[in-house]
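Chemist: Sharing a structure, written as structure tokens. Questions coming.
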Amino acid sequence: LISRLENERKDAEEALEFEKQHRKKLYLNSDKLSFWRLQQLPKAVQKEWEKCLQDIIELQWHFEEKNEQLQDAQNQLTKIEGANSVIQKQINFMKKYSPLLEEKLCHEDDSMKVVKILFEEARAQYTTVHQKYLEVQKLHEKIKEECEEKRLYMSEQIEADETTLNQLKDKLKETDEFYADINNKIH
């Protein structure tokens, strides 16, 4: 379970690194868009870019928040497993030395009840934390899928914007050539 959690944590870190790289690429694209805007690109394209950037920041914030929740769940699980191990050692000790301790066991029956209660409480806590962990894991997967969908959507938007930019550049080039022809004919 711990190795699986560690693998999932590594996967989450890799996904975070991927998102950071993606963010760097988006920042580079923002420089291109700024130059594009200086050449009188429509304001709607600039607003769309800013909206995408805001979405990325919000997604990163959600991703980091869910990552922290996952870490908290892992820490609680580790503590409960440690307490469970101590209780199990105590139970094993009692079983091993029971022939020698039968008389004492009659007097310490209350102690065993407490140990069993603690064990059941620890098991209940473990079950609760494990359930929370599974919920956080599902939520993590859902957010990861949403991030991927939004990333794909933003990628499509950027491609569409780049296509529009290229079309506008082509039209500008044609207009410049037409202007140069007219200017040459006039002079």
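Just add 3 to wherever you are in the sequence shown, counting from 1, and you've got my numbering. Just so you know, even glycine gets a beta-carbon here, dropped at the ideal spot from N, CA and C.
(1) A125 and I83 look like a contact to me (Cβ under 8 angstroms); what is the Cβ gap, rounded to whole Å?
(2) Classify L31 as buried or exposed, calling it buried when 16 or more other Cβ atoms lie within 10 Å of its own Cβ.
(3) If you count every other CB in all the chains shown that lies within 10 Å of the CB of L191, and 16 or more means buried, which is it?
(4) Between the region 107-123 and the region 143-157, are three or more C-beta pairs nearer than 8 angstroms?
(5) Roughly how many angstroms separate the alpha carbons of W52 and T178, rounded to a whole number?
(6) State the Cα-Cα distance for the pair L155 and Y182, rounded to the nearest angstrom.
Modeler: To lay it out plainly:
(1) On the sequence shown, position 122 is the one that residue 125 refers to. On the sequence shown, position 80 is the one that residue 83 refers to. Between I83 and A125 the Cβ distance is about 6 angstroms, and since that is below 8 angstroms, they are a contact.
(2) Here the question's residue 31 lines up with position 28 in the sequence shown. So L31 ends up on the exposed side.
(3) Past the boundaries of the shown model lies residue 191; the chain is included only from 4 to 190, so the question cannot be answered.
(4) no
(5) Here residue 52 refers to the residue found at position 49 of the sequence shown. Here residue 178 refers to the residue found at position 175 of the sequence shown. Straight-line Cα distance between these residues: approximately 27 angstroms.
(6) The residue you call residue 155 lines up with position 152 of the sequence shown. The residue you call residue 182 lines up with position 179 of the sequence shown. Rounded to whole angstroms, L155 to Y182 spans 40 angstroms at the Cα level.
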